[in-house]
Amino acid sequence: NRTYAEHLRSLRKKQPNPEKLARAIKKRESELQDALFRQTTADEALGIFNAQPFDPQALKTAYDSRNGTTPPLSETDIEALQAAYDSRRSYLNDLASITNLKARKLEEVKDVQKKLYEEARALNELLDARLLWLPSTERIGVNWPANVIQGGFLLFSANNLQAVARAFINGIKHGYFVLFLWIGLLSALHVLRNRMAPVLATMSSRVGRVQRDGYTLTPLAVLDVVLAAFIPTGLILGVALTLYLGAHEYEIVRNFIHALLLTGIPVFVILFLRAASRKGGLFDVHFGVDPQIRDRLLYNTGWLVIALPLGVFLMGLTDGTLEYDTEAAALAVLGFLIAALSLSWFAFKLVWKRTRVYGQGKRRLDSIYLRNERWFLFMAVLLPLATAVLSALGYYETGRLLLARMFFSFCVLLAAYIVHGLLKRSIEIAQRRLALEQARERRDRMMEERRARAEAEERGEIPVPKLDTESINLETINRQSRQLVNIIVFVGTGALLWALWKDILPALSVFNEVTVWSYQAPDTDGKMVSVPITLWNILQAMFIALVTWFAARSVPGFLEMFVLKRLNMQQSSRFAVTTIVGYIIFAAGLLMAFDKLGVQWSSLQWIVAALGVGIGFGLQAIFANFISGLIILFERPIRIGDYITIGEISGTVTRIQIRATTLLDLDNKEILIPNQEIISQDVTNWTLANPVTRLIINVGIAYGSDTELAHKTMLETLRKNAHVLDNPEPR
Numbered sequence: 132n133r134t135y136a137e138h139l140r141s142l143r144k145k146q147p148n149p150e151k152l153a154r155a156i157k158k159r160e161s162e163l164q165d166a167l168f169r170q171t172t173a174d175e176a177l178g179i180f181n182a183q184p185f186d187p188q189a190l191k192t193a194y195d196s197r198n199g200t201t202p203p204l205s206e207t208d209i210e211a212l213q214a215a216y217d218s219r220r221s222y223l224n225d226l227a228s229i230t231n232l233k234a235r236k237l238e239e240v241k242d243v244q245k246k247l248y249e250e251a252r253a254l255n256e257l258l259d260a261r262l263l264w265l266p267s268t269e270r271i272g273v274n275w276p277a278n279v280i281q282g283g284f285l286l287f288s289a290n291n292l293q294a295v296a297r298a299f300i301n302g303i304k305h306g307y308f309v310l311f312l313w314i315g316l317l318s319a320l321h322v323l324r325n326r327m328a329p330v331l332a333t334m335s336s337r338v339g340r341v342q343r344d345g346y347t348l349t350p351l352a353v354l355d356v357v358l359a360a361f362i363p364t365g366l367i368l369g370v371a372l373t374l375y376l377g378a379h380e381y382e383i384v385r386n387f388i389h390a391l392l393l394t395g396i397p398v399f400v401i402l403f404l405r406a407a408s409r410k411g412g413l414f415d416v417h418f419g420v421d422p423q424i425r426d427r428l429l430y431n432t433g434w435l436v437i438a439l440p441l442g443v444f445l446m447g448l449t450d451g452t453l454e455y456d457t458e459a460a461a462l463a464v465l466g467f468l469i470a471a472l473s474l475s476w477f478a479f480k481l482v483w484k485r486t487r488v489y490g491q492g493k494r495r496l497d498s499i500y501l502r503n504e505r506w507f508l509f510m511a512v513l514l515p516l517a518t519a520v521l522s523a524l525g526y527y528e529t530g531r532l533l534l535a536r537m538f539f540s541f542c543v544l545l546a547a548y549i550v551h552g553l554l555k556r557s558i559e560i561a562q563r564r565l566a567l568e569q570a571r572e573r574r575d576r577m578m579e580e581r582r583a584r585a586e587a588e589e590r591g592e593i594p595v596p597k598l599d600t601e602s603i604n605l606e607t608i609n610r611q612s613r614q615l616v617n618i619i620v621f622v623g624t625g626a627l628l629w630a631l632w633k634d635i636l637p638a639l640s641v642f643n644e645v646t647v648w649s650y651q652a653p654d655t656d657g658k659m660v661s662v663p664i665t666l667w668n669i670l671q672a673m674f675i676a677l678v679t680w681f682a683a684r685s686v687p688g689f690l691e692m693f694v695l696k697r698l699n700m701q702q703s704s705r706f707a708v709t710t711i712v713g714y715i716i717f718a719a720g721l722l723m724a725f726d727k728l729g730v731q732w733s734s735l736q737w738i739v740a741a742l743g744v745g746i747g748f749g750l751q752a753i754f755a756n757f758i759s760g761l762i763i764l765f766e767r768p769i770r771i772g773d774y775i776t777i778g779e780i781s782g783t784v785t786r787i788q789i790r791a792t793t794l795l796d797l798d799n800k801e802i803l804i805p806n807q808e809i810i811s812q813d814v815t816n817w818t819l820a821n822p823v824t825r826l827i828i829n830v831g832i833a834y835g836s837d838t839e840l841a842h843k844t845m846l847e848t849l850r851k852n853a854h855v856l857d858n859p860e861p862r
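Numbering follows the numbering used here, with no gaps: position 21 of the sequence shown is 152.
This is the structure in structure tokens:
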């Protein structure tokens, strides 16, 4: 019930912070090391002192050696030295005891702090796992509208508004210099943006033009959008700063400051989207977002910039009085409903239905979005709506926590999209410049080939067509660069999302209490016991399957770029390794997912065996080509670029794949040869180990001709040809 939930929330707020305890433990360990060092030093000094007996004459001799001869020691001097000696021993004993005691006490304190840290962390995790599923406010009922009105009158009463007004005026009086600097900063940024506007308009016309495009154009456009969003947000922050300088010790003023700071976050994000969606702006010229989608963003952010900050302001204003004020809680729920419903309606207006606008715009979106657009639509529209339902049912804290994580997740994804766009634009500029350079080189090469072809035709020779691999190399560079950018952005985004959502993970442990089914398995003693499969196990299996799917698609490419490239491996060997790694990842992930569902390998091995028999009979040809492809990739009887002959077919090897090998013959026709044919038939590789080969040319002459003269003439012609070797000589 709500009373139980309020008690647990109060207990949660009173718990010590585990992070502060961890820092205190680290500090205590440093103090303990210092105390142990001092203890060791004191014990060593005491040991050295006790090892030397009291000898007045030896002390006098040592003193005389440093300071010159002194009179002989009297009895009074000896007694004074004895007293000093005993006093020093007493001091050293006390010092050793005190340092020993300090080290012992610090060790005890450290143990207590460690125990407190473990217990506090365990209790916090337990409370976090329960509090998310407990109500925090009254559910919306008949009295809720009256509570909202009463809460509005209480929070916006004349006394509260006067207190805020007095704090604002006092802030201006006492902090006018700070406010002057802040207003000066905003004014300078506004002037800077106005001066950047004509420059950006001119620079926008250069985007996409190979010889005029530059790496700084898109970052400057992003800076313009940030300034456009920050300047209005800065005004809100300026009001909060003025209240803080005036009288932040009053509760209502602190609530207003807190509410204004929270309001600045959605205002900045929405104004950023609005500024980026303008015609000729970031999304238009630099990122190529569809104009009709930009129009929807521009239109809907106009009302969202009012609705969402209003709801956030009401929630922030009631944070300080939420626990003990029912009317304030009703007003907080109203603010949350405004925020959640506005976000859901915004998503609905933006991506709902496959209209002509959406159908045209989706072609420009990322392929991941296209493959999962229904799930994105579900999350964008229904999840904020679900949090609104939770809040209406009394789970205000739960809904607010989830909605805040969703909003900040959207901010992370937006930032990732901007960073991805910046990196992608930089790669596109470099690729276009490289393509231009290759086009110029290709033009020069074509002119050279045309000249060589004309000379060969004059000599009566037939030039052999060359394999053009420039486009293949450029395509490989493009693909690898995009993969690298995707990996960098994905890893960074995943780390930030994990930091956002990791605090909610303990609450998911409640799913471990929902048993879906169970299975029998032996325990450590060999006895068969019932092992439950919970809803948490199913979620884990789904997560493992998702990670496996992504890893099987991405890890081989990552391995090829960052590992195999450095090993100087052939392309065919790299392809074999990455393919097999993908298969291993898929198989391992599948086994792990089945293990979470209680399906052990002992149960799967018969299914695998049956599938193996089915593959052996039903898919014999495909399986044979697959194995033959692996043999070709590892044994390498043929390589890319080799000229081979299989039966009546001859050509240059251009691609080696798992199922078939592609040849390019002298007529520029691509011929697919099944890998099994290459393994099972005789293959002549003319360039495997030695590119030198003999050509047998049948030449017919008329009957009655001088054959010796004809043979001599042919040999002389061959010796004059630069492509014919002197050793071995032609015969």
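Just so it is clear, CB atoms sit at the ideal spot from N, CA and C, and this is done for glycine as well. The model shown is predicted, which means the values in this text are computed figures rather than measured ones.
Neighbour-count burial assignment, F538, 16 or more Cβ in a 10 Å radius: buried
Taking the beta strand (DSSP E) that Y381 belongs to, which residues open and close that run? No beta strand (DSSP E) holds Y381; DSSP gives it neither H nor E.
Are the segment 418-426 and the segment 384-395 in contact at 8 Å, needing three or more beta carbon pairs? no
Answer yes if the segment 150-159 comes into contact with the segment 220-229, meaning at least three C-beta pairs across the two stretches below 8 Å, and no otherwise. no
Can you tell me which of Y774, S267 and Y527 puts its alpha carbon nearest to the alpha carbon of Y135? S267
Residue range of the unbroken alpha helix (DSSP H) whose run includes A296: Counting along the chain, the alpha helix (DSSP H) containing A296 begins and ends at A289 to H305.
Would you decide whether N148 is buried or exposed? Buried here means 16 or more other CB atoms lie within 10 Å of its CB. exposed
Separation of L163 from A227, as counted between CA atoms: 15 Å
Can you round the beta-carbon distance between A461 and V279 to whole angstroms, since I take them to be within the 8 Å contact cut? 5 Å
Candidates Q614, L728 and P653: closest to L666 by CA position: Of the listed residues, the one whose Cα sits closest to L666 is L728.
Assigned exposure category for A332 - 16 Cβ within 10 Å defines buried: exposed
8 Å contact criterion, which A378 and N291 should meet: CB distance rounded: Going by Cβ atoms, the distance from A378 to N291 rounds to 13 Å, so no, they are not a contact pair.
Quick check: what's the CA-CA separation for Y455 versus I383? Any reading at Y455 must be qualified, since the residue scores a pLDDT of 49, below 50, and its modelled position is unreliable; the value itself is stated next. Taking the straight line joining both Cα atoms gives about 15 Å.
Rounded to the nearest angstrom, what separates A407 and F444 at their Cα positions? 25 Å
Rounded straight-line distance, which links the Cα of A546 to that of V622: Near 13 Å, if we compare the C-alpha coordinates of A546 and V622.
Go to T200, then tell me how far its beta strand (DSSP E) extends in each direction, as first and last residue. It is not in any beta strand (DSSP E) - T200 carries neither H nor E in the DSSP assignment.
Relative to the C-alpha of D813, which residue among P663, T172 and T776 is closest? D813 has its Cα closest to that of T776, out of P663, T172 and T776.
Of the residues E808, N816, I780 and A755, which one's Cα is nearest the Cα of I771? N816
Could I get the ranges of all uninterrupted alpha helix (DSSP H) runs contained in the segment 779-814, with 4 residues as the minimum, in chain order? As far as the segment 779-814 is concerned, its whole alpha helix (DSSP H) runs of at least 4 residues are 806-811.
Just verifying my parser: in three-state terms, what is the DSSP assignment at R487? With a pLDDT of 41 at R487, under the threshold of 50, the predicted position of this residue should be treated as unreliable, though the coordinate-derived value follows. Helix at R487.
For the beta strand (DSSP E) that contains W648, what are its first and last residues? T646 to P653
Which class does I769 belong to by DSSP, given the choice of helix, strand or coil? coil
Compute the Euclidean distance between the alpha carbons of V370 and F299, then round it to the nearest angstrom. Distance between the alpha carbons of V370 and F299: 8 Å.
Taking only three categories from DSSP, how would you classify S661? strand
My understanding is that R405 touches L358, with C-beta atoms under 8 Å, so please give their C-beta distance in whole angstroms. 13 Å between Cβ atoms; not a contact.
Round the Cβ separation of S540 and F467 to the nearest angstrom and send it over; I've been treating them as touching at under 8 Å. About 18 Å separates the CB atoms of S540 and F467; that is not less than 8 Å, and the two are not in contact.
Rounded C-alpha distance that separates Q183 from E160: 35 Å
Helix, strand or coil at T776 [DSSP, three-state]: strand
Decide if S661 is buried, meaning its Cβ has at least 16 other Cβ atoms within 10 Å, or exposed. exposed
Check for me: the alpha helix (DSSP H) holding V436 runs from which residue to which? P422 to L448
Once you ignore the five residues that flank V295 on each side, which residues in its own chain have a CB closer than 8 Å to its CB? L374, I383, V384 and F387
Hey, would you say I635 sits closer than 9 Å to L532, going by beta carbons? A Cβ-Cβ contact shorter than 9 Å links I635 with L532.
What is the C-beta distance between R261 and L139, in whole angstroms, given that I count them as a contact (C-beta under 8 Å)? About 6 Å separates the CB atoms of R261 and L139; that is less than 8 Å, so the two are in contact.
Paired residues, beta bridge with N816 - DSSP: Bridge pairing for N816: I775 [DSSP].
Alpha-carbon to alpha-carbon, F185 and Y216: Cα to Cα, Y216 sits roughly 8 Å from F185.
Taking the Cβ atom as the reference point for each residue, do W264 and T646 lie within a distance shorter than 9 Å? no
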